[in-house]
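Structure first, then comments.
Numbering (our numbering), first residue to last: 5 to 112.
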């Protein structure tokens, strides 16, 4: 709700343009919002891992929209830490995390 809608639109067009995004990525390390820039030669020259970053982004999954997300996330973080530090095997950690999460969600 701006008194300058044309100017606002030009700003949006600029910041989302391929040229501006390329500059932000190469000069400042920003992650692009344009898919084409993940494989752009100039971007890859500066950050050769961006092709793999695109693969990661394509496989990403949003957090579940549940009211108990904070509790479920805490459970998972604790058990992942237990597995990483060797306190539990990965299998045991995930079994326990699943059990606690089911109880929190009321599905146990």
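The beta carbon of each residue, even a glycine, is placed where N, CA and C say it ideally should be.
If residue i and residue j are in contact, beta carbons under 8 Å, what's the gap, nearest whole angstrom?
| i | j | result |
| --- | --- | --- |
| residue 79 | residue 97 | With a Cβ gap of about 10 Å, residue 79 and residue 97 do not count as contacting. |
| residue 3 | residue 76 | The question about residue 3 has no answer here: the residues shown for the chain are numbered 5 through 112. |
In this structure, does DSSP put residue i in helix, strand or coil?
| i | result |
| --- | --- |
| residue 70 | coil |
| residue 38 | coil |
| residue 54 | helix |
| residue 21 | coil |
| residue 110 | coil |
| residue 92 | coil |
| residue 6 | coil |
| residue 12 | helix |
Flag this pair as yes or no: are the beta carbons of residue i and residue j separated by less than 8 Å?
| i | j | result |
| --- | --- | --- |
| residue 47 | residue 26 | yes |
| residue 22 | residue 39 | no |
| residue 56 | residue 108 | no |
| residue 6 | residue 12 | yes |
The stretch 71-90 in contact with the stretch 46-58 per 3-pair CB rule at 8 Å: Cβ pair count under 8 Å is below three, so no.
Three-pair Cβ contact test at 8 Å for the stretch 24-34 versus the stretch 63-74: The count of Cβ pairs closer than 8 Å, one atom from the stretch 24-34 and one from the stretch 63-74, stays below three, leaving the stretches out of contact.
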